[in-house]
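One structure is given below, encoded as structure tokens.
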Amino acid sequence: MNIFLKKFGTTLNGRQFGKESFAAFEPSLRDIKKEEKVIVDFDQVVTFTPSWGDEFLGPLLSRFGERLMLKNTENPSVQATLKLLEKIYGKTFINTDNS
Amino acid sequence: MVSKLLTIDQASKILGVSIQTLRRWDDSGRLPSISRKAAGHRHYLKSDIANYINDNSKNLFLFKMARNWATNDPGTEPFSDFYCPDISAFQARLTRLESELGKLKRLNKIFPLISAITGEIGNNSFDHNLGNWPDVLGIFFSWNLAKGIIVLADRGQGILVTLKKIRPKLANHQDALRTAFTEMISGRAPEYRGNGLKFVKDVVSANEISLFFQTGNAQLEIKKNDSDMNIKKTDINLRGCLAAIKF
Numbered sequence: 001m002n003i004f005l006k007k008f009g010t011t012l013n014g015r016q017f018g019k020e021s022f023a024a025f026e027p028s029l030r031d032i033k034k035e036e037k038v039i040v041d042f043d044q045v046v047t048f049t050p051s052w053g054d055e056f057l058g059p060l061l062s063r064f065g066e067r068l069m070l071k072n073t074e075n076p077s078v079q080a081t082l083k084l085l086e087k088i089y090g091k092t093f094i095n096t097d098n099s
Numbered sequence: 100m101v102s103k104l105l106t107i108d109q110a111s112k113i114l115g116v117s118i119q120t121l122r123r124w125d126d127s128g129r130l131p132s133i134s135r136k137a138a139g140h141r142h143y144l145k146s147d148i149a150n151y152i153n154d155n156s157k158n159l160f161l162f163k164m165a166r167n168w169a170t171n172d173p174g175t176e177p178f179s180d181f182y183c184p185d186i187s188a189f190q191a192r193l194t195r196l197e198s199e200l201g202k203l204k205r206l207n208k209i210f211p212l213i214s215a216i217t218g219e220i221g222n223n224s225f226d227h228n229l230g231n232w233p234d235v236l237g238i239f240f241s242w243n244l245a246k247g248i249i250v251l252a253d254r255g256q257g258i259l260v261t262l263k264k265i266r267p268k269l270a271n272h273q274d275a276l277r278t279a280f281t282e283m284i285s286g287r288a289p290e291y292r293g294n295g296l297k298f299v300k301d302v303v304s305a306n307e308i309s310l311f312f313q314t315g316n317a318q319l320e321i322k323k324n325d326s327d328m329n330i331k332k333t334d335i336n337l338r339g340c341l342a343a344i345k346f
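Protein chains in written order, with my numbering: chain A, 1 to 99; chain B, 100 to 346.
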């Protein structure tokens with residue numbers, strides 16, 4: 001499954017917004033099959049912050065583990081946020097561009 | 100009934116200029132007061148001050164205006180152009196800032212980072228004060244891109260009070276400020292605690308951006324390549340938080 005973050009907006013900021021975004025999308029996650037990969041696509045995202053990212057990527061990571069993959073992460077705020085979240089989680093995100 | 104008049108002292112605090120400057124502006128006609136009562140006191144219509152702010156947005160002293168707003172007693176709502184009473188209003192104005200930053204060629208590579216650290220500082224104010232604002236809720240949020248400055252302020256509880264919930268041994272504002280900007284906090288109970296200010300520090304020290312931040316009587320300044328933070332004790336005490344991002 002591909003999750004296109006631009007469909008939530010291009011300024012992804014704030015815990016409340018992150019939480020709401022995950023809650024709204026959560027029902028769609030139930031369709032994901034056992035071995036299926038979950039690809040989060042950052043294409044066209046302009047501002048990405050740790051508060052939004054923690055509320056959205058955190059639950060995805062704990063639910064899907066290594067099946068979670070990221071795509072189009074070149075934006076500097078995406079890069080900086082992922083670096084911090086990796087430090088907090090003690091895990092490294094898998095990027096489809098590098099795999 | 101809410102008064103439509105401001106004293107010269109109130110007007111000077113809102114505009115971030117001295118009373119002497121306002122007297123000079125009154126005499127020259129730049130910003131006339133409405134009347135001089137028998138005792139000689141000048142008063143201003145709130146609407147005149149609002150119009151002045153609108154007409155002179157490029158020349159305002161945003162930092163002083165924000166600091167005055169955060170320290171004034173009693174607290175009042177800032178002028179609507181600078182005021183985000185809730186996170187939705189903040190989000191909307193952040194999107195506008197992002198779009199304006201994106202048009203500046205010199206910030207081509209780093210504007211998403213400036214927008215992101217602004218977002219995290221604003222979020223911090225809302226996340227840690229929701230339901231607990233001591234008086235005026237929300238934040239002061241404004242920018243002047245020609246001068247390369249973004250200013251945010253709140254009249255919240257301040258970092259020491261909110262951080263003490265998970266670090267009860269914190270003794271003063273300096274320690275609280277250092278902890279907020281440097282210590283990675285992964286345990287969430289008893290409250291959600293982001294690591295937003297660590298993110299801000301990492302981004303500022305790696306880019307052509309500088310940051311001033313004050314809470315309580317502690318202030319810090321960070322700029323590119325700073326490995327340590329310059330934390331000082333100040334004379335002016337500010338209950339909430341005040342931040343200026345320069346680029």
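Ideal Cβ placement from N, Cα and C applies to all residues, glycine included.
- Judged by beta-carbon spacing, residue 249/B lies beyond the 9 Å limit of residue 276/B, meaning their Cβ atoms are not closer than that value.
- For residue 303/B, no chain A residue has a Cβ inside 9 Å of its Cβ, as the nearest lies near 11 Å away.
- Straight-line spacing of the CA atoms in residue 4/A and residue 42/A works out to 7 Å.
- If the five residues before and after residue 200/B are omitted, its C-beta is found closer than 8 Å to the C-beta atoms of 206, 210, 213, 214 and 244, all from its own chain and listed in chain order.
- For residue 75/A, same chain residues with a beta-carbon under 8 Å away, outside a window of 5 residues either side, are 42, 45, 46 and 48 in chain order.
- Taking a beta-carbon distance threshold of 9 Å, residue 344/B does not count as an interface residue toward chain A.
- No Cβ of chain B is located within less than 9 Å of the beta carbon of residue 61/A.
- For residue 71/A, the three-state secondary structure derived from DSSP is strand.
- Listed by position along chain B, the residues whose Cβ is nearer than 8 Å to that of residue 51/A are 218, 219, 222, 226, 293 and 295.
- Within the segment 18 to 37 of chain A, contact with chain B at the beta-carbon level (separation under 8 Å) is assigned to no residue.
- Within 10 angstroms of the beta-carbon of residue 140/B lie fewer than 16 other beta-carbons, which makes it exposed.
- Inter-segment contact for the segment 9 to 17 of chain A and the segment 187 to 200 of chain B is present: three or more beta-carbon pairs are separated by less than 8 Å.
- Under the Cβ criterion of 9 Å, residue 72/A is not counted among the residues facing chain B.
- The beta carbon of residue 306/B sits closer than 7 Å to those of 209, 212 and 323, all from its chain and outside the five residues before and after it, given in chain order.
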